[in-house]
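The structure appears right after this line, and notes come after that.
Number of protein chains: 2
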Amino acid sequence: MGMRPRIAIDAMGGDEGARIMVAGAALARHRHEGFQFLFVGDETRIREALKNHPNLNAASEILHADDIVSADAKPSQALRSSKKTSMGMAVNAVKIGEVSAAVSAGNTGALMAISKLALRTMPGIDRPALAALLPTMKDSDVVMLDLGANAECDSRNLVQFAVMGAAYSRIMHGFEKPLVKLLNIGTEDAKGTGTIQGAAQALYQADGLAMNFQGFTEADKISTGDVDVIVTDGFSGNIALKALEGTARFVTDLLRRSFLSSLRSKIGFLISRPATEMLRNHLDPNNHNGAVFLGLNGVVVKSHGSADEKGVANAVEVAARLVEDSILERISQDLAKIGPLEVAEAAAK
Amino acid sequence: MGMRPRIAIDAMGGDEGARIMVAGAALARHRHEGFQFLFVGDETRIREALKNHPNLNAASEILHADDIVSADAKPSQALRSSKKTSMGMAVNAVKIGEVSAAVSAGNTGALMAISKLALRTMPGIDRPALAALLPTMKDSDVVMLDLGANAECDSRNLVQFAVMGAAYSRIMHGFEKPLVKLLNIGTEDAKGTGTIQGAAQALYQADGLAMNFQGFTEADKISTGDVDVIVTDGFSGNIALKALEGTARFVTDLLRRSFLSSLRSKIGFLISRPATEMLRNHLDPNNHNGAVFLGLNGVVVKSHGSADEKGVANAVEVAARLVEDSILERISQDLAKIGPLEVAEAAAK
Chain A
14 MGMRPRIAID AMGGDEGARI MVAGAALARH RHEGFQFLFV GDETRIREAL KNHPNLNAAS
74 EILHADDIVS ADAKPSQALR SSKKTSMGMA VNAVKIGEVS AAVSAGNTGA LMAISKLALR
134 TMPGIDRPAL AALLPTMKDS DVVMLDLGAN AECDSRNLVQ FAVMGAAYSR IMHGFEKPLV
194 KLLNIGTEDA KGTGTIQGAA QALYQADGLA MNFQGFTEAD KISTGDVDVI VTDGFSGNIA
254 LKALEGTARF VTDLLRRSFL SSLRSKIGFL ISRPATEMLR NHLDPNNHNG AVFLGLNGVV
314 VKSHGSADEK GVANAVEVAA RLVEDSILER ISQDLAKIGP LEVAEAAAK
Chain B
14 MGMRPRIAID AMGGDEGARI MVAGAALARH RHEGFQFLFV GDETRIREAL KNHPNLNAAS
74 EILHADDIVS ADAKPSQALR SSKKTSMGMA VNAVKIGEVS AAVSAGNTGA LMAISKLALR
134 TMPGIDRPAL AALLPTMKDS DVVMLDLGAN AECDSRNLVQ FAVMGAAYSR IMHGFEKPLV
194 KLLNIGTEDA KGTGTIQGAA QALYQADGLA MNFQGFTEAD KISTGDVDVI VTDGFSGNIA
254 LKALEGTARF VTDLLRRSFL SSLRSKIGFL ISRPATEMLR NHLDPNNHNG AVFLGLNGVV
314 VKSHGSADEK GVANAVEVAA RLVEDSILER ISQDLAKIGP LEVAEAAAK
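For the record, the sequence lines run as chains A and B. Every position in the first sequence, counted from 1, becomes a number in the numbering used here once 13 is added. Every position in the second sequence, counted from 1, becomes a number in the numbering used here once 13 is added.
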C-alpha cells in the first residue's frame, strides 16, 4: 500500500478559485481524516477561504504563488511562467516529493504541458493520456482514455493507454481483470484504421496482461456500462466526451422546455420532481469529477473548471485513491510483465 | 428545377422488409401525389404488401429480384452478387436512368460499395460522404458529414465534404449561405490535426463558395443548432453520431427508470405525459431519417434499418427533395465556381 496522501491544491484555478478549492478540500477531509493539503496560490485569499473551514487548520500549509495561469493561456506561455504560477508550483511540489499528488481546476492544456515537463513520462510509456470516469446505466462508471491529450496516436500509444486504463480501473472498480475495448466505428475485425487494428492485434497477442481485452466497441455503447475501460486516441476521445456532454445537456434542456410547455406538465413536473432530481444527480458532472493524467512520474488530477465543492472533493479523493493504491507501481508492474510489446501499424483492411 | 421523382425502393432491406418499405412509400405518396415508385425485391411479398395501399396502384411498378444483401454481408460479397439483389438492382435502376433516386434500409457498407461502383463519384469529388440531418435545440436540423463512409480523410476530402454539405443544407434549410464549421477538439486556430488545419486554410482562402465558413466547432455544440453544416472525417463523424444516439437513449432510459422509482413519480409522469411525448417526438429518429450518400452521380438515400413507416416516408421525401432541387447540379456548380482548390495538409501546430 502507498503513503498517506498529502495533496497540493492549485487554489487559483477554476471558475471560482480559492473559495471552492478550499471548500472542496474541507469536504474531502470530513470524509477522510488522514488527508493533508498544501494550498498553492495567493496567500491572502487562501487564508480568507480557510477561515470557514476550521477542520483544515491542522491539515493545511500554504505555498504562496505570485501568479496564475489564465484560462486562455497557451501551453507554451504557461510553461514559461510555471516557476511562479500556482499551477506550476503545485506540480513542482509533486516533482520534488513534497506532496504525493496535485489537483488543479485550471487550463487543461497548460496543466498537461507543465506536468509533462516537470514529471516526465514513466519508463515504458511514450505519451501520457487524460483518463476520466464517465457515468453509465450500471452502478459502476466506465474509464475512458485518451480524452484529448494526444490528437494523433499510433498503435503503440493505444496499447500503452490500454495498460494504464486497466490499472486505473483495477483501483477504481476493484476488478482483477477489467474488460477493455478499443473505440471503433464497428465491431467487426476489419473495421477502422490500421492504427486501431495494429493495437488490437498486439493486445490480443500479449500474454499476462492484467485485463480482459475484447476487441472493439462503438460510441453508442459508452454509457451502457458493459465495458470497464474504453481506449481511443485523444481526438476521437475528446469528440466522444463532448458529444456525450452536449447531448446530455440537450436532452435535459428539451425535457425542461417540454415540462414548461403547459400548466398540466408543470404540475406533473412538480409532483415527479424526485425523479428528475434523481436523473440530475446521476448525470451531475460533480459526481464524476477528476480527470487523471496517466503515464507521468506523479499523480496529477484535473478538476472541472466549473466544479462545485462536491466536485472538487471528488477530484481530491480520486487523487488520494491513486496515491494510496500506488497507481504508478501498478502500471510499471504491468509494463514489466508484458515485456517489450510487438506493436506495428496494421494495413487497414 | 429537376424532374418529377420516380424512386426505386429496395423493398427487402431493413428489419421488417417489404411491409414497412411499402407502407412508408404509401405514406409519402399521401403527402406528395406526384411520387412514382419502382419496388425492387421479391415480387410475391411486394404484391402482398401493396394490397394494403390502394393509393399506390397507379404509382408503382415491381422489379423482381431473386436475392437480398444480408445485414452482415461484407461489402465485397455484396458487390459480387449485386446484379441479382434487390439493393444492387435498385441502385442499377438509378444508373440506367430508369429512376431518379434509390432508397434502401439495408446494410450501409454494402449500399455504399454498390452505389460507388455503379454510380461513380462526381467529377471533382474524390470520395463520396454519408450525410444526415440531426436534431438540435432550434427549429432546424444540422447537416453533418461524413458519418462513416471514409475512416481516413485528407484535407482535400474535407473541403469537398464542406461543398457537398453546404449544397445539401441549401436545399434542406433554404439558406443562401449556410454556416459551415469543421469538427475539432477546440476552436482555437492551432487546435487539431494538420489535416483539419489544412482544410480550414483552404476554406478560408477560397472565393465564391456558397457558404459562410467559420472555422472550428466542438462536439458539444452539434445539438445547439448554431451551425448549419458540420464537416468531419468518417471516423470522428461516426463516433460523434453514435455518442449522440447512445447518450440520448441513456438519458431517456434513466428518466424512465427515475419515473418508475416511486408511486409519486409515476403519478407525476402520467400527468406530465404530454411533455415527455413532446421530448420523445423531438428525438424520434424516424423524424430525422434518411442519410444521403453525397458526391455520386445519382441520389441514394439510406433509411435506418429499424425505421417505421413514418421514417421510411421521411427517407423517401429526402430523396425526392434532392432530385427536385437538383443536388448534383448544385454541387457541380459550386465545384466549378471555386475552380481547382489549393489544398495542402498543414503541419500540426
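C-beta: ideal position from N, C-alpha, C; glycine also. Please read these numbers as outputs of a predicted model, since none were measured by experiment.
- Residue state for A:Ile340 is assigned as helix, using DSSP reduced to three classes.
- In terms of beta-carbon proximity, B:Leu283 lines the interface with chain A, with at least one pair separated by less than 9 Å.
- In the pairwise beta carbon analysis, the segment 112-120 of chain B is classified as touching the segment 19-27 of chain B: at least three pairs are separated by under 8 Å.
- B:Met185 and B:Ala142 do not touch by the CB rule: their CB atoms are close to 15 Å apart, not below 8 Å.
- Looking from the CA of A:Ala215, the closest CA among A:Ala126, A:Ala179, A:Ala349 and A:Val172 belongs to A:Val172.
- Close to chain A, meaning a Cβ-Cβ distance shorter than 7 Å, are the following residues of the segment 224-236 of chain B: Glu231, Ala232, Asp233, Lys234, Ile235 and Ser236.
- The CB of B:His295 comes closer than 7 Å to the CB of Leu267 in chain A, given here in chain order.
- Shown in chain order are the members of the segment 192-211 of chain A whose Cβ falls below 7 Å from a Cβ of chain B: Leu196, Ile198, Gly205 and Thr206.
- Cβ proximity to chain A below 7 Å picks out Gly161, Ala164 and Glu165 from the segment 155-168 of chain B.
- At a cut-off of 9 Å between beta-carbon atoms, A:Phe248 makes contact with chain B.
- If you check the CB distance, B:Tyr181 and B:Val156 come in under 9 Å.
- Rounded to the nearest whole angstrom, the C-alpha separation of A:Ser278 and A:Pro298 is 27 Å.
- Sequence-distant Cβ neighbours of A:Gly122 in its own chain, meaning closer than 6 Å and more than five residues away, are Pro88.
- Rounded to whole angstroms, A:Lys350 and A:Ala223 show a C-alpha spacing of 9 Å.
- By the Cβ test, the segment 245-264 of chain B is in contact with the segment 247-254 of chain A, since at least three Cβ pairs between them sit closer than 8 Å.
- At a cut-off of 9 Å between beta carbons, A:Ile252 contacts chain B.
- The way I'd put it, the segment 234-249 of chain B doesn't touch the segment 129-138 of chain B; fewer than three beta-carbon pairs between them come closer than 8 Å.
- Under the DSSP assignment, B:Ile252 falls in the alpha helix (DSSP H) whose first and last residues are Gly247 to Phe272.
- DSSP places B:Glu61 in the helix class (H, G or I) of the three-state scheme.
- DSSP places B:Phe306 in the uninterrupted beta strand (DSSP E) bounded by Ala304 to Leu307.
- Using a CB distance cut-off of 9 Å, B:Glu56 does not count as an interface residue toward chain A.
- B:Ile33 and B:Val331 have their C-alpha atoms some 17 Å from each other.
- In this structure, the CA atom of A:Leu51 is about 48 Å from the CA atom of A:Lys204.
- Residues of the same chain with a CB within less than 7 Å of the CB of B:Asp266, apart from the 5 flanking positions on each side, do not exist.
- When A:His45, A:Asp23 and A:Arg44 are compared, the shortest CA-CA separation from A:Ser83 is found for A:Asp23.
- Using beta-carbon distances, A:Glu46 does not count as an interface residue toward chain B, since no partner is under 9 Å.
- Secondary structure of A:Met150 (DSSP, three-state): coil.
- Around the beta-carbon of B:Arg93, fewer than 16 other beta-carbon atoms lie within 10 Å, marking it exposed.
- Legend: CB atoms of the segment 116-141 of chain B lying less than 9 Å from CB atoms of chain A belong to residues Gly122.
- Note: B:Asp80 is bridge-paired with B:Thr98 in the DSSP secondary-structure output.
- The segment 339-350 of chain A makes no contact with the segment 28-44 of chain B; the number of CB pairs closer than 8 Å stays below 3.
- For the pair A:Gly324 and A:Val35, the Cα-to-Cα distance works out to about 12 Å.
- For A:Ile280, the residues of chain B that pass the 9 Å Cβ criterion are Gly281, Ile284 and Ser285, in the order they occur in the chain.
- Cβ-Cβ distances below 7 Å link B:Met102 to Val53, Leu76 and Ala78 in the same chain, with the five nearest sequence neighbours on each side left out; the list follows chain order.
- Taking a Cβ-Cβ cut-off of 9 Å, the neighbours of B:Leu257 in chain A comprise Ala232, Asp233, Ala256, Leu257, Gly259, Thr260 and Phe263, given in sequence order.
- Look at the segment 82-116 of chain B: the residues with a C-beta under 9 Å from a C-beta of chain A are Asp85 and Lys87.
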